[in-house]
Amino acid sequence: MRTILLVGKVFFLFIAFAFLSCVTPPYSLQVPREIPIDAFGMAHAGGRFTEKENRLLNEMGVSWIRSTFRWDSIQKRTKQWDFSRWDRFVENAERAGKKVLAVLAYDVPWIYGKEEKEARRHIEPDKIPYFLQYVEGVARRYKGRIHAYEIWNEPNWLFWKGSDEDFFLLAAAAARRIKEVDPHSCLVMGSFWRVPKGFIRGMFRAGAFQYADAVSFHPYALTPEGVWALYDELKGVLQEIGFKGDIWVTEIGFPTGGWYLSRVPEEQKPSYVIKTLAGLLVRGARVVFWYELFDKFSEGLSPSGLDSELYFGLNYPDFKPKKGAAAYTLLARRLAGATYRPDLVKVSPELQHTLEILPFLGPDGQKVLLLWSKTGEKVYLRVSPLKGLFQVDIATGDRKQIPPEGYFTVEETPIFLSQEHTRLKDRPEDSAEKEPAGKVGSSSQGKRVEKQAGSPAGQQVEKVGSSPQGEMAGREASSSEADPQEAAFLESGFTLEQVEPEPKQGVTFSGELSFFWKIR
Numbered sequence: 000m001r002t003i004l005l006v007g008k009v010f011f012l013f014i015a016f017a018f019l020s021c022v023t024p025p026y027s028l029q030v031p032r033e034i035p036i037d038a039f040g041m042a043h044a045g046g047r048f049t050e051k052e053n054r055l056l057n058e059m060g061v062s063w064i065r066s067t068f069r070w071d072s073i074q075k076r077t078k079q080w081d082f083s084r085w086d087r088f089v090e091n092a093e094r095a096g097k098k099v100l101a102v103l104a105y106d107v108p109w110i111y112g113k114e115e116k117e118a119r120r121h122i123e124p125d126k127i128p129y130f131l132q133y134v135e136g137v138a139r140r141y142k143g144r145i146h147a148y149e150i151w152n153e154p155n156w157l158f159w160k161g162s163d164e165d166f167f168l169l170a171a172a173a174a175r176r177i178k179e180v181d182p183h184s185c186l187v188m189g190s191f192w193r194v195p196k197g198f199i200r201g202m203f204r205a206g207a208f209q210y211a212d213a214v215s216f217h218p219y220a221l222t223p224e225g226v227w228a229l230y231d232e233l234k235g236v237l238q239e240i241g242f243k244g245d246i247w248v249t250e251i252g253f254p255t256g257g258w259y260l261s262r263v264p265e266e267q268k269p270s271y272v273i274k275t276l277a278g279l280l281v282r283g284a285r286v287v288f289w290y291e292l293f294d295k296f297s298e299g300l301s302p303s304g305l306d307s308e309l310y311f312g313l314n315y316p317d318f319k320p321k322k323g324a325a326a327y328t329l330l331a332r333r334l335a336g337a338t339y340r341p342d343l344v345k346v347s348p349e350l351q352h353t354l355e356i357l358p359f360l361g362p363d364g365q366k367v368l369l370l371w372s373k374t375g376e377k378v379y380l381r382v383s384p385l386k387g388l389f390q391v392d393i394a395t396g397d398r399k400q401i402p403p404e405g406y407f408t409v410e411e412t413p414i415f416l417s418q419e420h421t422r423l424k425d426r427p428e429d430s431a432e433k434e435p436a437g438k439v440g441s442s443s444q445g446k447r448v449e450k451q452a453g454s455p456a457g458q459q460v461e462k463v464g465s466s467p468q469g470e471m472a473g474r475e476a477s478s479s480e481a482d483p484q485e486a487a488f489l490e491s492g493f494t495l496e497q498v499e500p501e502p503k504q505g506v507t508f509s510g511e512l513s514f515f516w517k518i519r
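With numbering that gives the first Met the number 0 as the guide, the letters of the sequence shown map in order to residues 0 to 519.
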């Protein structure tokens, strides 16, 4: 998103109170779900065209990059086309093994006459053919190389200044043109700011979703819990209108500075990253794009302490990671291709109300358990079995083996537990080893995960997402080579037992998280 200069304070107060409402999820979180291998994306990434940036994206586990192929950067005059920047962008993405989500948006002043000097952020109906020339030019030039398209950015917000009806006409015409030129591309409609119910219903009635493979939105909120509520709300609206495609989150993030009420101290950003990403994925989000890869200025060099748009990055532009980068990397490296398995945890009903408990089984047989307190109340737990169990620091990626006699405390900051069978190799069981960074290859060449090792017997696993080509990438977990001991490990789960605090009998892992009003 671009810097928003003029927004009334009354509006922010209105939105702040809107977050206090609850939305009942239109689905069950007790249903196992496969996390797509390419579920992790990054906004405003891939534009430096350097190997250093490509390595960073690989190390962080990013599969998708999102950028706006602005009309005014491609067609400056009626017959003056310049694709040079975007040729470099697409070539670099292919070299890095990243999928591209291209946003087709905004206008050019020349379509309104010589007297116009600035774009209007509005395409009048009689000017739509000009926009379609631009759309067709991009789709034809990069056919088979751009994996997905969005039409416009946040049209229900400050980025579209025309009527809703005019946008519906534009979106429907552009969607049709893209599918005519590149029928195998994935068309992601919407790019909504939050959940504009009337706008969504209007688009649907106007036929703008006819060619859509997915609907996208930007659920900016005060907290991760607010983000989840917006996802649930959108899911409900789409079920109401009968849309059966995927949901993509093409922007979400929290700034660490500036005047946006959504700002969060950098020390708390790892917690927000973990909760936001994990909560969206277990709800069925097909892809989540974090906003964004870099801050606008290096640490301590920002010219403004007020502009929150300068502070959304997970890294500084000099590649120094901010707090939150390790948390994103941890989830992208460990949850991509995994299956959300709520059946892997045995816990009392009381603890279910007190704790957020998200268990996953990876395609390599490794288990992950995320825990945090919903209420802020401290909960003392004992988890079993302990063999092969590690706790991973979400802020640094460091891990330690939990001693057999260890008790630990669950608070509002998420705890990340990892368990692997002793026969499963790949990651040595050192007592103080950082989570390994590695490359995520070109997932476009992979195969959809059709069978997940250790999926619950008699229980169907919900598959999230499929592109028109059926090319959803995945890693196939091979259970044919597993011996009975490994098979038993894959089917076994965690038992969580609430205990009285005994700090002298083990290691206590805890975290603090104070509450701030936040909004974007």
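Every residue, glycine too, gets a C-beta built ideally from N, C-alpha and C.
Predicted model only: the values in this text are computed from it and were never measured.
Select from the options the residue whose C-alpha is nearest the C-alpha of residue i.
{"i": "residue 38", "options": "77, 153, 192, 283", "result": "283"}
{"i": "residue 364", "options": "400, 329, 417, 410", "result": "417"}
{"i": "residue 111", "options": "127, 104, 239", "result": "127"}
{"i": "residue 194", "options": "324, 210, 232", "result": "232"}
{"i": "residue 45", "options": "34, 72, 33, 98", "result": "98"}
{"i": "residue 134", "options": "201, 495, 175, 156", "result": "175"}
{"i": "residue 370", "options": "278, 498, 27, 48", "result": "278"}
{"i": "residue 354", "options": "376, 337, 343, 361", "result": "376"}
{"i": "residue 200", "options": "187, 238, 179", "result": "238"}
{"i": "residue 493", "options": "413, 461, 385", "result": "385"}
{"i": "residue 161", "options": "147, 198, 119, 191", "result": "119"}
If I'm right that residue i touches residue j with Cβ under 8 angstroms, what's the distance once you round it to whole angstroms?
{"i": "residue 76", "j": "residue 109", "result": "6 angstroms"}
{"i": "residue 289", "j": "residue 251", "result": "7 angstroms"}
{"i": "residue 177", "j": "residue 138", "result": "5 angstroms"}
{"i": "residue 254", "j": "residue 303", "result": "The pair is not a contact, with the Cβ atoms about 12 angstroms apart (cut-off 8 angstroms)."}
{"i": "residue 273", "j": "residue 330", "result": "7 angstroms"}
{"i": "residue 28", "j": "residue 281", "result": "6 angstroms"}
Look at the alpha carbon of residue i and the alpha carbon of residue j, and state the distance between them as a whole number of angstroms.
{"i": "residue 141", "j": "residue 185", "result": "13 angstroms"}
{"i": "residue 40", "j": "residue 248", "result": "9 angstroms"}
{"i": "residue 62", "j": "residue 220", "result": "24 angstroms"}
{"i": "residue 410", "j": "residue 372", "result": "5 angstroms"}
{"i": "residue 217", "j": "residue 234", "result": "13 angstroms"}
{"i": "residue 293", "j": "residue 378", "result": "36 angstroms"}
{"i": "residue 438", "j": "residue 57", "result": "Because residue 438 sits at a pLDDT of 34, beneath the cut-off of 50, its placement in the model cannot be relied upon, and the following sentence gives the value as read from the coordinates. About 5 angstroms."}
{"i": "residue 262", "j": "residue 78", "result": "44 angstroms"}
{"i": "residue 93", "j": "residue 207", "result": "30 angstroms"}
{"i": "residue 145", "j": "residue 181", "result": "10 angstroms"}
{"i": "residue 172", "j": "residue 73", "result": "20 angstroms"}
{"i": "residue 104", "j": "residue 256", "result": "28 angstroms"}
{"i": "residue 500", "j": "residue 156", "result": "50 angstroms"}
{"i": "residue 121", "j": "residue 324", "result": "37 angstroms"}
{"i": "residue 64", "j": "residue 314", "result": "15 angstroms"}
{"i": "residue 310", "j": "residue 296", "result": "8 angstroms"}
{"i": "residue 368", "j": "residue 357", "result": "6 angstroms"}
{"i": "residue 275", "j": "residue 82", "result": "36 angstroms"}
{"i": "residue 392", "j": "residue 209", "result": "45 angstroms"}
{"i": "residue 415", "j": "residue 107", "result": "48 angstroms"}
{"i": "residue 271", "j": "residue 222", "result": "7 angstroms"}
{"i": "residue 187", "j": "residue 287", "result": "13 angstroms"}
Determine the contact status of residue i and residue j, defining contact as a CB-CB distance below 8 angstroms.
{"i": "residue 152", "j": "residue 89", "result": "no"}
{"i": "residue 322", "j": "residue 312", "result": "no"}
{"i": "residue 130", "j": "residue 169", "result": "yes"}
{"i": "residue 387", "j": "residue 419", "result": "yes"}
{"i": "residue 123", "j": "residue 165", "result": "yes"}
{"i": "residue 35", "j": "residue 463", "result": "yes"}
{"i": "residue 359", "j": "residue 380", "result": "no"}
{"i": "residue 32", "j": "residue 230", "result": "no"}
{"i": "residue 269", "j": "residue 326", "result": "yes"}
{"i": "residue 150", "j": "residue 203", "result": "no"}
For residue i, does the three-state DSSP call read helix, strand or coil?
{"i": "residue 29", "result": "coil"}
{"i": "residue 163", "result": "helix"}
{"i": "residue 217", "result": "strand"}
{"i": "residue 209", "result": "coil"}
{"i": "residue 348", "result": "helix"}
{"i": "residue 148", "result": "strand"}
{"i": "residue 274", "result": "helix"}
{"i": "residue 261", "result": "coil"}
{"i": "residue 91", "result": "helix"}
{"i": "residue 318", "result": "coil"}
{"i": "residue 137", "result": "helix"}
{"i": "residue 499", "result": "coil"}
{"i": "residue 397", "result": "strand"}
{"i": "residue 521", "result": "Residue 521 lies beyond the residue range present for the chain, which begins at 0 and ends at 519; the question has no answer from this structure."}
{"i": "residue 156", "result": "coil"}
{"i": "residue 297", "result": "coil"}
Does chain B have any CB closer than 8 angstroms to the CB of residue i?
{"i": "residue 69", "result": "Structure shown: chain B not included; a single protein chain is present."}
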